[in-house]
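Here my numbering runs 112 ahead of the position in the sequence shown, where the first position is 1.
Using N, Cα and C, we set each Cβ at its ideal position, and we do this for glycine too.
These numbers come from a predicted model, not from an experiment.
Report on one structure; see the data block that follows.
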Amino acid sequence: MTKDEYLKTLQKEEDDNAQEAEDNGYGSGYYDGLDYAVGLVGKLDEPKKVVIPQFVADWIEKEKVYYSDEVDPMIIAYWIGNHVGSSESHYEWMKNIYNQKLLLNAIANGYEVEKEKKYRVKLPGMIGDNGQQYISKSMDDKLFACAYRDYLEQEFTKEELEKFPDWIQQLEFEEVEDE
């Protein structure tokens, strides 16, 4: 039985039981189960988008712009394999067989870009009436201490933290949870 045949069978059974569920004034357990199953079968062939780093998404998008959006997925993979050389800072990523499969899956089925981790810098021994103090950055790039405030710039990527003074590198970083 194919997926479409199975779906039609489930939908017919669901339709046959819809009136009974409506007559009862609420969904019957059997009807609700059929409804749920129809939804699941509809998703069977939907491939899941993989999550890739931003630089890999940049490689794919660069190729699409160069050749057009309707380019053959094999051309994208071929170009990336041949043109992302060892001089590319992220070349090591391509040497891993798992990452190669991830790249092919992203090209074929679409992708989402990995969210870059962010951190807060805790200031040790600085807990005031308003709570733990963190490094904050003003609009003119000056650093100051302040308790957590969602309207202040207090969350930084690793790359941003590396640009801070050396003494900050010695402090404790607190990873920010995704919301």
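- Taken atom to atom, the span from the alpha-carbon of residue 115 to that of residue 153 is near 7 angstroms.
- Rounded to the nearest whole angstrom, the C-alpha separation of residue 178 and residue 162 is 23 angstroms.
- The alpha-carbon of residue 217 is positioned some 45 angstroms away from that of residue 243.
- Cβ neighbours of residue 288 within its own chain (closer than 7 angstroms, five residues either side excluded): 230, 231, 232 and 267.
- Nearest in C-alpha terms to residue 254, of all of 261, 190 and 265, is 265.
- When DSSP states are grouped into helix, strand and coil, residue 131 belongs to the helix group.
- Per the DSSP secondary-structure output, residue 224 pairs in a beta bridge with 163.
- Per DSSP, the unbroken alpha helix (DSSP H) holding residue 270 starts and ends at 270–274.
- In chain order, 188 and 191 place their CB closer than 6 angstroms to the CB of residue 175, counting only its own chain and leaving out the 5 sequence neighbours on each side.
- According to the DSSP assignment, residue 282 belongs to no beta strand (DSSP E), since it is labelled neither H nor E.
- In its chain, beyond the 5 residues on either side, 122 have a beta carbon closer than 7 angstroms to the beta carbon of residue 149.
- In this structure, the CA atom of residue 169 is about 49 angstroms from the CA atom of residue 131.
- Take residue 225, set aside five residues on each side of it, and the residues of its chain with a beta-carbon closer than 8 angstroms to its own are 163, 164, 165, 166 and 169, in chain order.
- In this structure, DSSP gives residue 206 a helical state, which the three-state scheme calls helix.
- The beta carbon of residue 283 sits closer than 6 angstroms to the beta carbons of 233 from its chain, once the five residues preceding and following it are set aside; these are given in chain order.
- CA-to-CA, the gap between residue 276 and residue 247 works out to about 10 angstroms.
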